[in-house]
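S.K.:
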Amino acid sequence: MGYAFDIAIVAIIIVTVVLGYKHGFIKTVLSALSFFIALIVAFSLQPKLSEYVIKMPFVDNIRESIRDQFIEMSPLSGEDQYNPELLFEDKPEAFVKLLNIIGIEQDDLNEKYNSWKSDAEVNAADMLVEYVANPLITSIVSIISFIILFIVTIIVLKILIFILDKIFRLPILKQANKALGFVVGIILGVFRAYVFGAAVTLILPLVQSNNPGLSVADSFIFRFFYGDANILLNFFK
0 MGYAFDIAIV AIIIVTVVLG YKHGFIKTVL SALSFFIALI VAFSLQPKLS
50 EYVIKMPFVD NIRESIRDQF IEMSPLSGED QYNPELLFED KPEAFVKLLN
100 IIGIEQDDLN EKYNSWKSDA EVNAADMLVE YVANPLITSI VSIISFIILF
150 IVTIIVLKIL IFILDKIFRL PILKQANKAL GFVVGIILGV FRAYVFGAAV
200 TLILPLVQSN NPGLSVADSF IFRFFYGDAN ILLNFFK
């Protein structure tokens, strides 16, 4: 069975090297880094974009949706309002589940509601909706902003890769681009081989109980990427 892992390692490295040479240095490097660059950009700019996304109409729809749920749980007859007192007294299952999902303690929320109720300048029912909705709105806005930035960054990088790849296909740069792509392919291939080895190291013990024949003991190449020999696993220990 160890020979199968050897074949997998060789295949990973050879395919990566061939693709590195074929695609050239620019395309290989930027394609490999695109995901990480997009992550960094998305994490860095997400708070800024969230400031604009939170002003979009769908945010008010979330608040209205929560208010509608409260009305269903504890309606006031003849009014498009709800009875906050009943929410805390009856503790409807939907109300408890909503608070658990958002991560709000019922007792803490009850205390806040009582403090709002004693303040004549605020509407306690509106404040309750706002307080429950805000964590949900913040999470949704952050996720949407992150996804937008990630996708836009990936698209921009794809365009940049395409332009640079065309430039480096010019006769004077083509050979250097392919030669450097070959070198990067080797480095990237070895890295991917270590990633594969780390994955097998973590997964293999879980499946060996049902498949005792699965072993790397007789491998010739894979043993340099498995277990304690795996540089990535040693780095994160």
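Each residue of the sequence shown is one higher than the one before, counting from 0 in numbering that gives the first Met the number 0. Even glycine gets a Cβ: it sits at the ideal position worked out from N, Cα and C.
For residue 81, which three-state DSSP category applies?
M.R.: strand
S.K.: Looking at residue 15: is its Cβ nearer than 8 angstroms to the Cβ of residue 169?
M.R.: no
S.K.: Using the Cα positions of residue 37 and residue 13, report the straight-line distance between them to the nearest angstrom.
M.R.: 27 angstroms
S.K.: Please state whether DSSP places residue 169 in a helix, a strand or coil.
M.R.: coil
S.K.: Please check the pair residue 198 and residue 232, which I expect to be a contact at CB under 8 angstroms, by giving their CB distance rounded to whole angstroms.
M.R.: So it is not a contact: roughly 10 angstroms between Cβ atoms.
S.K.: Could you check where the alpha helix (DSSP H) with residue 240 kicks off and where it finishes?
M.R.: In the structure displayed, the chain extends from 0 to 236; residue 240 sits before or after that span and is not available.
S.K.: Indicate the three-state DSSP secondary structure (helix, strand or coil) for residue 109 in the structure shown.
M.R.: Judged by DSSP in its simplified three-state form, residue 109 adopts helix.
S.K.: Between the C-alpha atoms of residue 9 and residue 228, what's the straight-line distance to the nearest angstrom?
M.R.: 17 angstroms
S.K.: Looking at the structure shown, is residue 102 part of a helix, part of a strand, or coil, going by DSSP?
M.R.: coil
S.K.: Can you round the beta-carbon distance between residue 41 and residue 145 to whole angstroms, since I take them to be within the 8 angstroms contact cut?
M.R.: 5 angstroms
S.K.: Does the segment 94 to 103 come within contact of the segment 120 to 137, defined as at least 3 CB pairs closer than 8 angstroms?
M.R.: yes
S.K.: Given a threshold of 16 other Cβ atoms within 10 Å of its Cβ, counted over all protein chains shown, does residue 138 qualify as buried or as exposed?
M.R.: By the 10 Å Cβ count, residue 138 comes out exposed.
S.K.: Measure the C-alpha to C-alpha separation of residue 121 and residue 98 and round it to an integer number of angstroms.
M.R.: Their backbone Cα atoms lie some 22 angstroms apart in a straight line.
S.K.: Give me the residue from 35, 20, 19 and 25 with the minimum Cα distance to residue 150.
M.R.: 35
S.K.: Assign residue 176 to one of three DSSP states: helix, strand, or coil.
M.R.: helix
S.K.: Which one of 141, 25, 26 and 113 has the shortest CA to CA distance from residue 252?
M.R.: Because residue 252 is not part of the residues shown, which for the chain are 0 to 236, the question remains open.
S.K.: Can you tell me where the alpha helix (DSSP H) with residue 234 in it begins and where it stops?
M.R.: Segment 230 to 234, the alpha helix (DSSP H) holding residue 234.
S.K.: Quick one: any contact between the segment 82 to 94 and the segment 21 to 29, if contact means 3 or more CB pairs under 8 angstroms?
M.R.: no
S.K.: Tell me whether residue 167 is buried or exposed, calling it buried when 16 or more other Cβ atoms sit within 10 Å of its Cβ.
M.R.: Burial call: buried.
S.K.: Do residue 123 and residue 130 have their C-beta atoms within less than 8 angstroms of each other?
M.R.: no
S.K.: According to the neighbour-count rule (16 or more other Cβ atoms, all chains shown, within 10 Å of its Cβ), is residue 177 buried or exposed?
M.R.: buried
S.K.: Given residue 195, which residues of its chain have a CB within under 8 angstroms of its CB, disregarding the five upstream and five downstream residues?
M.R.: 7, 8, 11 and 224
S.K.: Within its chain, find whatever has a CB closer than 8 angstroms to the CB of residue 164; leave out the 5 residues flanking it on each side and keep chain order.
M.R.: 22, 23, 25 and 26
S.K.: Kindly indicate which residue of 45, 32, 29 and 19 has the alpha-carbon position closest to the one of residue 147.
M.R.: 45
S.K.: Report the three-state DSSP secondary structure of residue 121 (helix, strand or coil).
M.R.: DSSP, reduced to helix, strand and coil, places residue 121 outside both helices and strands of the structure shown, so it counts as coil.
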